[in-house]
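J.: Below are the structure tokens for one structure; questions will follow.
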Amino acid sequence: AQSVTQLGSHVSVSEGALVLLRCNYSSSVPPYLFWYVQYPNQGLQLLLKYTSAATLVKGINGFEAEFKKSETSFHLTKPSAHMSDAAEYFCAVSPRGYQKVTFGTGTKLQVIP
Amino acid sequence: EAEVAQSPRYKITEKSQAVAFWCDPISGHATLYWYRQILGQGPELLVQFQDESVVDDSQLPKDRFSAERLKGVDSTLKIQPAELGDSAMYLCASSPGTRSGYEQYFGPGTRLTVT
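Sequence order for the protein chains is A and B. Note that the working numbering has the first sequence beginning at 1432, numbered continuously upward. Note that the working numbering has the second sequence beginning at 249, numbered continuously upward.
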């Protein structure tokens, strides 16, 4: 079964600092990978997805993620944190050819002024 | 921009009562998902529909939960009877199911509190 592990349930960064949220996946073949963001009492919104085209994927709100097969990682980054980035972020994996997505446990990002 | 609609947004009920949640997916999305999200955790799939057919309900507690998607459009998730442990956010999502990756579009969710 495919799974993702998000390292760090809480991450704090200063406004303007680099954001790095870690995600490692477990799969025998490269899967589809996603990052979603969730604001309090709202549903999830897709930030970006990897589907085997470019390994560096750019998403909305200045976020990007790099697929590294050798490290089985799909870390999310943003060069400069903004207060509005404070939210919970979920990494997710889906086997190719299947529509079932498995979510990680989430990382709550706090941005300090 | 098209959105997934859910209602109600909040529901408080007493244990042993019945509750129902409604979801209207984005028009044209054949795949519909219901998730349960416990506070501090990621969403857990309860049931997945392809048009009006259930394709995965392996994690649905079928003794008390039921879901239907008549006519393959909107969907209803029911809990009867509700238990204290059912308190959670219930999320609906839909997907166009494209070959390039099955990204999902989520509704705002229904926050259920069972007292």
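Using N, Cα and C, we set each Cβ at its ideal position, and we do this for glycine too.
1. Measure the Cβ-Cβ separation of A1508(A) and Q1433(A) and say whether it is below 7 Å.
2. Which residues share a DSSP beta bridge with A278(B)?
3. Could you tell me which chain A residues have their CB closer than 9 Å to the CB of F354(B), listed as they occur along the chain?
4. Rounded to a whole number of angstroms, what is the C-alpha to C-alpha distance between Q328(B) and Y258(B)?
5. What number of angstroms, rounded off, separates the C-alpha of E300(B) from the C-alpha of V1442(A)?
6. Rounding to the nearest angstrom, what Cα-Cα distance links P256(B) and D305(B) in this structure?
7. If we ignore side chains and look at the alpha-carbon of each, how far apart do M1514(A) and E1446(A) end up?
8. Output the distance between the C-alpha atoms of G1537(A) and V1468(A), rounded to the nearest integer angstrom.
9. Out of S314(B), L332(B), E331(B), which one is the CA nearest neighbour of T324(B)?
10. Applying a beta-carbon distance threshold of less than 8 Å, which residues of chain A neighbour S343(B)?
11. Please tell me whether F1494(A) and C1454(A) are closer than 7 Å, where the distance is taken between their beta carbons.
12. Could you compute how far the alpha carbon of A330(B) sits from the alpha carbon of G320(B)?
13. In chain B, what lies closer than 9 Å to G1535(A) by C-beta?
14. May I have the straight-line CA-CA distance separating Y1529(A) from E351(B), to the nearest angstrom?
15. What separation, rounded to the nearest whole angstrom, lies between the Cα atoms of T279(B) and Y353(B)?
16. Given 8 Å as the limit, is there contact between the segment 1448 to 1467 of chain A and the segment 265 to 273 of chain B, that is, 3 or more CB pairs closer than that?
17. Would you please verify whether the beta carbon of L339(B) is less than 7 Å from any beta carbon of chain A?
18. For I260(B), write down the residues that DSSP places opposite it in a beta bridge.
19. According to DSSP, simplified to helix, strand and coil, what is I286(B)?
20. So for N1492(A), helix, strand or coil by DSSP?
21. Cβ of G357(B) less than 7 Å from any chain A Cβ?
22. So which residues on chain A does D304(B) lean against when the C-beta distance must stay under 8 Å?
T.: Reading off the structure:
1. A quick correction: the sequence has Thr, not Ala, at residue 1508(A). It is not a contact, given that the beta carbons lie outside the stated cut-off.
2. Beta-bridge pairing links A278(B) to no other residue.
3. Y1467, Q1469, Q1473, G1474, L1475, Q1476, L1477
4. Their Cα atoms are separated by approximately 17 Å.
5. Their Cα atoms are separated by approximately 41 Å.
6. Cα-Cα distance, rounded: 23 Å.
7. 6 Å
8. For G1537(A) and V1468(A), the distance between alpha carbons rounds to 9 Å.
9. The shortest C-alpha separation from T324(B) is found at S314(B).
10. Under the 8 Å cutoff, chain A gives Q1530.
11. no
12. 26 Å
13. G290
14. 11 Å
15. 10 Å
16. no
17. Under the Cβ distance rule, L339(B) counts among the residues neighbouring chain A, one pair being separated by less than 7 Å.
18. T361(B)
19. Looking at I286(B) - three-state DSSP - the assignment turns out to be coil, as it is neither helix nor strand.
20. helix
21. yes
22. K1531
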